[in-house]
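Heads up: take any position in the sequence shown, counting from 1, add 118, and you land on the numbering used here.
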Amino acid sequence: IKTDYLWKEVLTKDSLTNIIQNYVQLFEEEVEKILPDGKIKKEKVKKLIFPRYHQLDSVSKMLNDAKQNGAGKRYLIQHSAGSGKSNSISWLAHQLVGLFDNSTTNTIFDTVIVVTDRKVLDTQIRNNIKQFEQVKGVVEAITEGSKQLKTALEEGKKIIITTIQKFPYIVNEIGELPGNKFAIIIDEAHSSQSGNAAGKLNETLAKDFEKVQVDENEFIFVDKDEYDELTSEDLVVDIVKGRKMLTN
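What follows is the structure, given as structure tokens:
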């Protein structure tokens, strides 16, 4: 019957304890309330959230694969609008930090880096990941530039949230820390940045569209005709092409 996955996969002892331990989350959300006099009042409400099936499924599959194969593999998660992407990223990031391999007691990743765009960095993703934080000091949001990023990487911060503009810098810094292993979660890999969205998302874009600045000291060159189709993934691919993909 159509609901058999519920008994076979979700409500088993192991699955249920995993959901309660790693997914169920009580968090605060700001909502607008209309008062009798017509005024709008903002108030914080507490919400208890459980993972939806597709969230539990995708996060579990990635965690299991990383546990088996270690660092160095790539994954793509396709999602639709309103599918709870921010929560999926938060659950994945926090669980990757505590992921141990089967043969030893070592964690698979030393640091998890969440790469997002400037607009989202200041709001949803950062707030979400912070709210899921159970031990203080685990999450570091990079708001003060590359120096703060370098310090966070060197200090071995567990979860670092940064922007696509700093990705070239991250690749360089990871190369200088060969003893550490990193998980990189790139938010909205395929989202279009054409037109106005490009201006908002990448504030550091140069005025000459053939030359695109991706970091304080770094530029990539793109075909003027193809510029409108440039996505976050294109930026990442260009940066990775320019350097050998690091095993860690």
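Virtual Cβ for every residue (Gly too), placed ideally from N, Cα, C. Source: prediction; values computed, not measured.
*Under the three-state reduction of DSSP, which class applies to F285: helix, strand or coil?*
Sequence index remark: in the sequence shown, residue 285 carries index 167 (1-based). In this structure, F285 counts as helix in the three-state DSSP scheme.
*In the DSSP assignment, find the beta strand (DSSP E) that holds I167 and state where it starts and stops.*
Working through the sequence shown from its first residue, we reach residue 167 at position 49. I167 -> beta strand (DSSP E) spans I158 to I167.
_Beta-carbon proximity check, K276 vs V256, cutoff 7 Å_ = Against the sequence shown, residue 276 aligns to sequence position 158. Against the sequence shown, residue 256 aligns to sequence position 138. Cβ atoms of K276 and V256: closer than 7 Å.
*Please report the residue range of the beta strand (DSSP E) in which Q367 lies.*
Residue 367 is absent from the structure shown; the chain starts at 119 and stops at 366.
_Buried or exposed, going by whether 16 or more other CB atoms sit within 10 Å of the CB of A301?_
Residue 301 sits at position 183 when you count from the first residue of the sequence shown. The residue is buried, with at least 16 neighbouring Cβ atoms inside 10 Å.
*Is it buried or exposed for K120, if we count other Cβ within 10 angstroms and need 16 for buried?*
Residue 120 sits at position 2 when you count from the first residue of the sequence shown. Exposed, because fewer than 16 other Cβ atoms sit within 10 Å of the Cβ of K120.
*asked:* Let's see if you can read the secondary structure: which residues bound the beta strand (DSSP E) around A301?
replied: Locating residue 301 in the sequence shown gives position 183, counting from the first residue. Its beta strand (DSSP E) spans residues F300 to I304.
*Following the continuous beta strand (DSSP E) through V232, name the residue where it begins and the one where it ends.*
In the sequence shown, counting from the first residue as 1, residue 232 sits at position 114. Annotation for V232: the continuous beta strand (DSSP E) segment containing it runs T229 to T234.
*Roughly how many angstroms lie between the CA atoms of K126 and I167, to the nearest whole one?*
Mapped onto the sequence shown, residue 126 falls at position 8. Mapped onto the sequence shown, residue 167 falls at position 49. Their Cα atoms are separated by approximately 22 Å.
*Considering only C-alpha positions, which residue in the set N220, Q173 and E258 is nearest to V230?*
Looking up residue 230 in the sequence shown gives position 112. That would be E258, whose Cα lies nearest to the Cα of V230.
*asked:* Taking the alpha helix (DSSP H) that V215 belongs to, which residues open and close that run?
replied: Here the question's residue 215 lines up with position 97 in the sequence shown. Element bounds for V215: K203 to V215.
*Test item: CB-CB of V233 and I195 under 7 Å*: Here residue 233 refers to the residue found at position 115 when the sequence shown is read from its first residue. Here residue 195 refers to the residue found at position 77 when the sequence shown is read from its first residue. No; because the gap between Cβ atoms is not below 7 Å, this pair is not in contact.
*Rounded to the nearest angstrom, how far is the Cβ of I279 from that of I260, given a contact under 8 Å?*
Counting from 1 along the sequence shown, the entry for residue 279 is found at position 161. Counting from 1 along the sequence shown, the entry for residue 260 is found at position 142. Contact holds; Cβ gap of about 7 Å.
*Pick helix, strand or coil for T261, following the three-state DSSP scheme.*
Indexing the sequence shown from 1 puts residue 261 at position 143. Correct three-state label for T261: coil.
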